[in-house]
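Protein chains: 2
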Amino acid sequence: MKKIINQPENYVNEMLEGLYIAHPDLITYTNDDLRCLVTANKKEGKVGIATGGGSGHLPLFLGYVGKGMLDGCSVGDVFQSPSAEQMLAVTKAIDSGAGVLYIYGNYNGDIFNFDMAAEMADFEEDIPVESVVAGEDVASAGPTKEGEKNTRRGVAGIFFVYKCAGGAADAMLNLAEVKRVAEKAADNVRTMGVALTPCIVPRVGKPGFNIEEDEMEIGMGIHGETGIRRGKIEPADQIVDEMLEKIINDIPYVSGNEVAVLVNGLGATPLDEQYIVTRRINQYLKDKGIKVYRYYVGEYATSLEMAGFSISLLKLDEELKGYLDAPAQTPFFVQL
Amino acid sequence: MKKIINQPENYVNEMLEGLYIAHPDLITYTNDDLRCLVTANKKEGKVGIATGGGSGHLPLFLGYVGKGMLDGCSVGDVFQSPSAEQMLAVTKAIDSGAGVLYIYGNYNGDIFNFDMAAEMADFEEDIPVESVVAGEDVASAGPTKEGEKNTRRGVAGIFFVYKCAGGAADAMLNLAEVKRVAEKAADNVRTMGVALTPCIVPRVGKPGFNIEEDEMEIGMGIHGETGIRRGKIEPADQIVDEMLEKIINDIPYVSGNEVAVLVNGLGATPLDEQYIVTRRINQYLKDKGIKVYRYYVGEYATSLEMAGFSISLLKLDEELKGYLDAPAQTPFFVQL
Numbered sequence: 001m002k003k004i005i006n007q008p009e010n011y012v013n014e015m016l017e018g019l020y021i022a023h024p025d026l027i028t029y030t031n032d033d034l035r036c037l038v039t040a041n042k043k044e045g046k047v048g049i050a051t052g053g054g055s056g057h058l059p060l061f062l063g064y065v066g067k068g069m070l071d072g073c074s075v076g077d078v079f080q081s082p083s084a085e086q087m088l089a090v091t092k093a094i095d096s097g098a099g100v101l102y103i104y105g106n107y108n109g110d111i112f113n114f115d116m117a118a119e120m121a122d123f124e125e126d127i128p129v130e131s132v133v134a135g136e137d138v139a140s141a142g143p144t145k146e147g148e149k150n151t152r153r154g155v156a157g158i159f160f161v162y163k164c165a166g167g168a169a170d171a172m173l174n175l176a177e178v179k180r181v182a183e184k185a186a187d188n189v190r191t192m193g194v195a196l197t198p199c200i201v202p203r204v205g206k207p208g209f210n211i212e213e214d215e216m217e218i219g220m221g222i223h224g225e226t227g228i229r230r231g232k233i234e235p236a237d238q239i240v241d242e243m244l245e246k247i248i249n250d251i252p253y254v255s256g257n258e259v260a261v262l263v264n265g266l267g268a269t270p271l272d273e274q275y276i277v278t279r280r281i282n283q284y285l286k287d288k289g290i291k292v293y294r295y296y297v298g299e300y301a302t303s304l305e306m307a308g309f310s311i312s313l314l315k316l317d318e319e320l321k322g323y324l325d326a327p328a329q330t331p332f333f334v335q336l
Numbered sequence: 001m002k003k004i005i006n007q008p009e010n011y012v013n014e015m016l017e018g019l020y021i022a023h024p025d026l027i028t029y030t031n032d033d034l035r036c037l038v039t040a041n042k043k044e045g046k047v048g049i050a051t052g053g054g055s056g057h058l059p060l061f062l063g064y065v066g067k068g069m070l071d072g073c074s075v076g077d078v079f080q081s082p083s084a085e086q087m088l089a090v091t092k093a094i095d096s097g098a099g100v101l102y103i104y105g106n107y108n109g110d111i112f113n114f115d116m117a118a119e120m121a122d123f124e125e126d127i128p129v130e131s132v133v134a135g136e137d138v139a140s141a142g143p144t145k146e147g148e149k150n151t152r153r154g155v156a157g158i159f160f161v162y163k164c165a166g167g168a169a170d171a172m173l174n175l176a177e178v179k180r181v182a183e184k185a186a187d188n189v190r191t192m193g194v195a196l197t198p199c200i201v202p203r204v205g206k207p208g209f210n211i212e213e214d215e216m217e218i219g220m221g222i223h224g225e226t227g228i229r230r231g232k233i234e235p236a237d238q239i240v241d242e243m244l245e246k247i248i249n250d251i252p253y254v255s256g257n258e259v260a261v262l263v264n265g266l267g268a269t270p271l272d273e274q275y276i277v278t279r280r281i282n283q284y285l286k287d288k289g290i291k292v293y294r295y296y297v298g299e300y301a302t303s304l305e306m307a308g309f310s311i312s313l314l315k316l317d318e319e320l321k322g323y324l325d326a327p328a329q330t331p332f333f334v335q336l
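Chains as they are written, first to last, in full-length UniProt numbering: chain A, 1 to 336; chain B, 1 to 336.
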């Protein structure tokens, strides 16, 4: 296991200690628990936005707490949900009378605990809580049918939901309105990923799966969930085309649409490759008449040291553009 | 070779095409050459700052061109120097009458070409050019003796030289003064790295060296240059202690000093591990009575998909603090 760590059981807490040391102007913690991370700049009267999830995905989830985005994050062990108690502690700390919106990824452990935390917040603390669940990985399930639950995994596209909801909350919209904006972003984002290598959970000490030296897996999830196809590594342009075809046929995106694009490295893939991917996305979307309003390229949601990347598209309207463009400052994301 | 690329010979130009697509508000190119990258926001009357070097180190070198830092960068093939002609083209494009400062790493190819470009700029274009060479890797050679040339490699610490010089130029200091500030930063920065895995140059197609599954190499350079010691991987705290001891005994840093710290991921090492390292650096420096003014953590100078990290310390005075704190906006670095 090629990792620069101490005892695997201290991995998450030592990482958090480092985070608080490096970013004291932006983040702190509540409840005497390093894993209950909250903004150091609480804005009175604003709807609080909380997220949470397992560790191992930095900058996701906690890295987007700061100004103009999220207000708190409960932090789980690697690839494990935090507890409902931790979520509640964060909720209490970030509420300033306007209520709290939960935005989190579509995973059973997180859903169960966030639902419980929302109930406790409401009944025990009288804090109104609403929830938006992000699930936009087109490789993980088919489109959601009318009246049915979304069973898609939440992956890097949650960044767009955070950004738009964060912008709306910062503009002092009320809880119902911030939720509406978050839902609109969640409904209009689609993601697909490809993995070249597995990653190693520190406590486990060995890869979660094997993949041959010349193979890739299209559609793999950020915890190593099985994708839709395994095959020989192909040229970058061909991989991008396959992923984008799946994505743009899903919402669908049509000629004349405007989108924001997120090219996300999964951990070990150099930025160079992410920009080679960006180049092809631009060609592909231009050919389809889809206009790119803004690009984001880099590591936004990783899977430890996994090699690979994902592409997320957010279909925009004027309202989402405004919130996407709003300034934000967090340990991992700064936009002027 | 697990890479998301097309033809290896197109690697650098396709990466650059992606960069210009993603960041049109900050960067563009001159001389009809993608590899002659310049700021899209030229500030009249300001000293221009140019850098350059081989590809494969993103965000280094080109990623720090923008507002408040660098004005131009000539881009070489992977791990290869750009040409003197490309450096000259960048120099001409960014000069606005106040002259140009070159800041680059201490490598023979770069020195040769930048010296030639400086001569051409002076004789053929009447542009005054000064140069500051960053060489701060304590693992690569002993301290420079009075009157001798610095033979140390330049690595991640050049970020601090860019930042301080960029701040000075943005404050409209003249060429001699900007050079003085850059030299002060270069003289007061020290770096050391550790590598866990090799990287693969796309055109070569195989690793530049081998390293066993349980080994690390302390002091390795960002092109895979031999370090000072190879051994079994140790706990993070032990690795940090060994590196910091080398670093702080070099300038030397003494109790009461203030420093800025850069924890730099080499490519494949997760942010989690970089923060675990940050935690230990903080403990170690506290014990020595050295105060940390500011932390920077993340990928600042990589070596393709190499796993490992480096630590850089910049010894500060009030002047350097001021330029370090100045705002900057580049594709890869934003500071408010």
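Yeah, the Cβ is synthetic: ideal placement off N, Cα and C, and Gly gets one too.
Query: Between N10/B, D126/B, S83/B and Y104/B, which lies nearest to M116/B when the distance is taken from Cα to Cα?; Result: S83/B
Query: Taking the alpha-carbon positions, what's the K246/B to M192/B distance?; Result: 8 Å
Query: How big is the Cα-Cα spacing for A139/A and G267/A?; Result: 20 Å
Query: Please state if the CB of A169/B and the CB of V178/B are separated by a distance shorter than 8 Å.; Result: yes
Query: Can you list, in chain order, the residues of the region 269 to 289 of chain A whose Cβ is nearer than 7 Å to any Cβ on chain B?; Result: T269, P270, L271, D272, E273, Y275, I276, V277, T278, R279 and N282
Query: Which one of L262/B, T51/B and E215/B has the shortest CA to CA distance from V90/B?; Result: T51/B
Query: At what residues does the alpha helix (DSSP H) containing N13/B begin and finish?; Result: Y11 to A22
Query: At a CB distance below 9 Å, what residues from the region 306 to 321 of chain A approach chain B? Give them in sequence order.; Result: A307, G308 and F309
Query: Use the C-beta contact count for V254/B: other C-beta atoms within 10 angstroms, 16 or more gives buried, fewer gives exposed.; Result: exposed
Query: Could you check where the beta strand (DSSP E) with C199/A kicks off and where it finishes?; Result: No beta strand (DSSP E) contains C199/A, which DSSP labels as neither H nor E.
Query: Could you pull the start and end residues of the alpha helix (DSSP H) that F159/A belongs to?; Result: I158 to D170
Query: R180/A by DSSP, collapsed to three states: which one?; Result: helix
Query: For a contact defined as C-beta to C-beta under 7 Å, what are the partners of D237/B on chain A?; Result: N6
Query: Tell me which residues share the same chain as M216/B and place their Cβ nearer than 8 Å to its Cβ, disregarding the 5 neighbours each side in the sequence.; Result: V194, A195, L196, R230, G231, K232, I233, E234, I239 and G308
Query: Can you tell me which of the three DSSP states G298/A falls into?; Result: strand
Query: If you compare alpha carbons, which of G56/B, T39/B and T28/B is closest to Q274/A?; Result: G56/B
Query: Under 8 Å between C-beta atoms, does K2/B make it to chain A?; Result: yes
Query: On the three-state DSSP scale, how would you describe Y64/B?; Result: helix
Query: Among P24/B, F332/B, G76/B and I27/B, which has the Cα closest to the Cα of N13/B?; Result: G76/B
Query: Got a sec, what are the start and stop residues for the beta strand (DSSP E) F309/B sits in?; Result: G308 to K315
Query: Would you say A22/B lies against chain A (beta-carbon separation less than 8 Å)?; Result: yes
Query: Could you work out which residues of chain B lie near L334/A, taking near to mean beta carbons separated by less than 8 Å?; Result: According to the sequence shown, residue 334/A is Val rather than Leu. Correct list: V334, Q335 and L336.
Query: Mind listing the chain B neighbours of M15/A? Cutoff is C-beta to C-beta under 7 Å, in chain order.; Result: D272, Y275 and I276
Query: Please decide whether L266/A counts as near chain B, where near means a Cβ-Cβ distance under 8 Å.; Result: no
Query: Checking the sheet assignment: what are the DSSP bridge partners for Q283/A?; Result: None, per the DSSP bridge assignment.
Query: Between S74/B and chain A, is the shortest Cβ-Cβ distance under 8 Å, so that the two count as touching?; Result: no
Query: Specify, as a first and last residue, the run of the beta strand (DSSP E) that M220/B falls within.; Result: Run containing M220/B: none; DSSP gives neither H nor E here.
Query: Output yes if chain B places a C-beta closer than 8 Å to the C-beta of V297/A; else output no.; Result: yes
Query: With a cut-off of 8 Å, does the C-beta of Y11/B fall near any C-beta of chain A?; Result: yes
Query: Excluding sequence positions up to five away, which residues of its chain have a Cβ less than 7 Å from the Cβ of N282/A?; Result: V292
Query: Would you please state the rounded distance, in angstroms, between the beta carbons of L16/A and R35/A? I believe it to be under 8 Å.; Result: 7 Å
Query: Roughly how many angstroms lie between the CA atoms of I103/B and T269/A, to the nearest whole one?; Result: 28 Å
Query: Short check: CB of C164/B to CB of L324/B, under 8 Å?; Result: yes
Query: Taking the alpha-carbon of V78/A as reference, which of G219/A, E9/A, E299/A and A171/A has the nearest alpha-carbon?; Result: E9/A
Query: Does Q335/B come out as helix, strand or coil in the three-state DSSP assignment?; Result: strand
Query: At the level of alpha carbons, what is the spacing between N108/B and G219/A?; Result: 44 Å
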